[in-house]
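Asks: So for the sequence shown, the working numbering puts the first residue at 3; every next one is plus one. Every residue gets a Cβ at the ideal spot worked out from N, C-alpha and C, and that includes glycine. Sharing a structure below in structure tokens format, with a few things to ask.
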Amino acid sequence: MKGVYECKIIEQNEVAPDYIRTVLECPEIAREARAGQFVNVQVTRASDPLLRRPFSIHEVTPESGRFSLLYCVIGRGTQIMSIMRPGDFVSIVGPLGIGFDIGESPESEHVLIAGGCGAAPLLFLNDAICDKFGCDKVTVLTGGHTKEDLLCETEFRESGARVGVSTDDGSCGYHGFITELLQQHLANRAPNTKTRIYSCGPHDMMREVARISREAGVESCQVSLENNMACGIGVCMGCVQKIKGATPGDKSGREWRRTCVCKDGPVFNAEEIIWE
Ligand SMILES: Cc1cc2nc3c(=O)[nH]c(=O)nc-3n(C[C@H](O)[C@H](O)[C@H](O)COP(=O)(O)OP(=O)(O)OC[C@H]3O[C@@H](n4cnc5c(N)ncnc54)[C@H](O)[C@@H]3O)c2cc1C
Ligand code: FES
């Protein structure tokens, strides 16, 4: 059940320059969360910054009542979070939103494409797919600007998934964009392979993942959007996204509608999105 919880910080680690992994204690969130869902964090008890900040749930261990976040320090809110200490308590709303659909087919292969901090929800997703279908069904493609931006490579490898890595500057793995590795992967598949694609990362990367997936005729392609948010619960309309299809009963002739990423997402079928 979604709720507002006072969560205790258990660990706080800088896993790479300006990337922090925070482990929190909250049995309710650890038990209820599904891969692709997120939480909304009140970074301070003071009034600035006023709005909570949204973060994907990165890992859960229901048996110990813990879950973790993985985030990049880019502004005031994440700066405040980065200096919190084990033992501190933080107010968190969650788990929120609709997560990834991993399907029911034991034959499908699953390809996860992460750009930078987009790896955060995909480690949880990797664990869920491994538990249900086995890690031999999973390929993870993770990319970053430089090798410092490659997150969770070790964790993905240790899970038993196949892992491909790229960097824009060639400092680690394939020299180029992660979407080029996706293109190669799809071109080299055995005939009749059913492929489910999942992606999180920069907007332009996900748009390209959606295009490549459509052209390759994959079984499904899901993307986790990170539109700016405020309330996180479908009230303020601060996170709207244009998607295909008119609202039922809409007589305006429009073939698109606005939807709340926080309530109806953050995971969407890529085919639904109107990419702008
Ligand atoms: C569903 C969802 C899941 C997310 N998961 C992660 C994650 O796992 N790891 C991670 O590093 N980041 C994640 N983000 C992005 C994260 O919320 C922002 O980086 C964070 O809110 C920035 O806060 P700030 O105060 O440090 O930055 P600010 O100083 O407020 O802004 C710096 C930059 O962050 C963007 N930003 C600010 N507020 C938000 C907001 N509420 N939502 C989205 N972007 C914002 C701004 O456009 C600006 O470019 C997620 C966003 C969403 C919507
Ligand atoms: S953040 Fe308020 S409606 Fe989505």
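Below 8 Å, is the gap between the Cβ of N229 and the nearest heavy atom of ligand 1?
Replies: Taking the first residue of the sequence shown as 1, we reach residue 229 at position 227. Flag set: Cβ of N229 near ligand 1.
Asks: Taking 8 Å as the cut-off, does the CB of C262 come closer than this to any heavy atom belonging to ligand 2?
Replies: By one-based count along the sequence shown, residue 262 stands at place 260. Yes, ligand 2 has a heavy atom inside 8 Å of this Cβ.
Asks: Can you give me the start and stop residues for the alpha helix (DSSP H) that E155 sits inside?
Replies: In the sequence shown, the residue the question calls residue 155 occupies position 153. Element bounds for E155: 155-161.
Asks: Is there at least one non-hydrogen atom of ligand 1 closer than 8 Å to the beta-carbon of F179?
Replies: The sequence position of residue 179 within the sequence shown is 177, counting from 1. Because no heavy atom of ligand 1 lies under 8 Å away, the Cβ of F179 does not count as near it: no.
Asks: Measuring alpha carbon to alpha carbon, tell me which residue in D103, R54, C174 is nearest R78.
Replies: Within the sequence shown, numbered from 1, the residue matching residue 78 stands at position 76. Nearest option by C-alpha distance: R54.
Asks: Would you give the residue range spanned by the alpha helix (DSSP H) that A130 belongs to?
Replies: The residue given as residue 130 occupies position 128 in the sequence shown. 121-135 is the span of the alpha helix (DSSP H), which, as asked, contains A130.
Asks: Tell me whether V211 sits in a helix, a strand or coil according to DSSP, three-state version.
Replies: In the sequence shown, residue 211 corresponds to position 209, counting from 1. If DSSP states are grouped into helix, strand and coil, V211 belongs with the helices.
Asks: Identify the continuous alpha helix (DSSP H) that holds S201 and give its terminal residues.
Replies: Along the sequence shown, read from residue 1 onward, the residue named residue 201 stands at position 199. Premise fails: S201 lies in the beta strand (DSSP E), 197-202, not in any alpha helix (DSSP H).
Asks: Report the three-state DSSP secondary structure of A218 (helix, strand or coil).
Replies: In the sequence shown, residue 218 corresponds to position 216, counting from 1. Residue state, collapsed to three classes: helix.
Asks: In its own chain, which residues sit with a C-beta less than 7 Å from the C-beta of A232, not counting the 5 before and 5 after it?
Replies: If you number the sequence shown from 1, residue 232 lands on position 230. Cβ neighbours of A232 beyond the five flanking positions: L53, C238, G240.
Asks: Which residues in the same chain as D151 place their Cβ atom closer than 6 Å to its Cβ, once the five residues preceding and following it in sequence are excluded?
Replies: Numbered from its first residue, the sequence shown carries residue 151 at position 149. For D151, where only same-chain residues beyond five positions count, the Cβ hits under 6 Å are G118.
Asks: What separation, rounded to the nearest whole angstrom, lies between the Cα atoms of P88 and H205?
Replies: Numbered from 1 along the sequence shown, position 86 holds the residue referred to as residue 88. Numbered from 1 along the sequence shown, position 203 holds the residue referred to as residue 205. Whole-angstrom Cα-Cα distance: 33 Å.
Asks: Looking only at C-alpha atoms, which of R191, I275, G255 sits nearest to V263?
Replies: Here residue 263 corresponds to residue number 261 of the sequence shown, with the count starting at 1. Nearest of R191, I275, G255 to V263, Cα basis: I275.
Asks: Who pairs with H112 in a beta bridge, going by DSSP?
Replies: Here residue 112 corresponds to residue number 110 of the sequence shown, with the count starting at 1. V140, R198.
Asks: Between L125 and E157, how many whole angstroms is the CB-CB distance? I'm expecting something under 8 Å.
Replies: In the sequence shown, counting from the first residue as 1, residue 125 sits at position 123. In the sequence shown, counting from the first residue as 1, residue 157 sits at position 155. Yes, L125 and E157 are in contact; Cβ-Cβ is about 6 Å, under 8 Å.
Asks: How many whole angstroms separate the CB atoms of Q39 and L114, which I take to be in contact at a CB cut-off of 8 Å?
Replies: Along the sequence shown, read from residue 1 onward, the residue named residue 39 stands at position 37. Along the sequence shown, read from residue 1 onward, the residue named residue 114 stands at position 112. With a Cβ gap of about 16 Å, Q39 and L114 do not count as contacting.
Asks: Under DSSP, the alpha helix (DSSP H) around T80 begins and ends at which residues?
Replies: Indexing the sequence shown from 1 puts residue 80 at position 78. Per DSSP, T80 belongs to the alpha helix (DSSP H) from 78-84.
Asks: Heavy atom of ligand 1 less than 8 Å from the Cβ of P193, yes or no?
Replies: Mapped onto the sequence shown, residue 193 falls at position 191. No, the beta carbon of P193 sits no closer than 8 Å to any heavy atom of ligand 1.
Asks: Using DSSP bridges, identify the partner residues of R55.
Replies: The residue labelled residue 55 in the question sits at position 53 within the sequence shown. Note: R55 sits in a beta bridge opposite V43.
Asks: With a CB to CB cut of under 7 Å and the five nearest residues on each side skipped, what residues in its chain are close to E210?
Replies: As a working mapping, residue 210 is identified with position 208 in the sequence shown. If we look at E210 and ignore the five residues flanking it on each side, its Cβ neighbours are T181.
Asks: Within its chain, find whatever has a CB closer than 8 Å to the CB of M3; leave out the 5 residues flanking it on each side and keep chain order.
Replies: Numbered from its first residue, the sequence shown carries residue 3 at position 1. So the qualifying residues of the chain are E30, E34.
Asks: Using the three-state DSSP reduction, which class does I180 fall into: helix, strand or coil?
Replies: By 1-based counting over the sequence shown, the position of residue 180 is 178. Reduced to three states, the DSSP call for I180 is helix.
Asks: Helix, strand or coil, according to DSSP, for I31 in the structure here?
Replies: One-based indexing of the sequence shown puts residue 31 at position 29. Looking at I31 - three-state DSSP - the assignment turns out to be helix.
Asks: Where does P88 sit, in a helix, a strand or coil, going by DSSP?
Replies: Against the sequence shown, residue 88 aligns to sequence position 86. It is coil, neither helix nor strand.
Asks: Have a look at G172 and E155 and give me their C-alpha separation to the nearest angstrom.
Replies: Counted from its first residue, the sequence shown places residue 172 at position 170. Counted from its first residue, the sequence shown places residue 155 at position 153. Those two C-alpha atoms are separated by around 16 Å.
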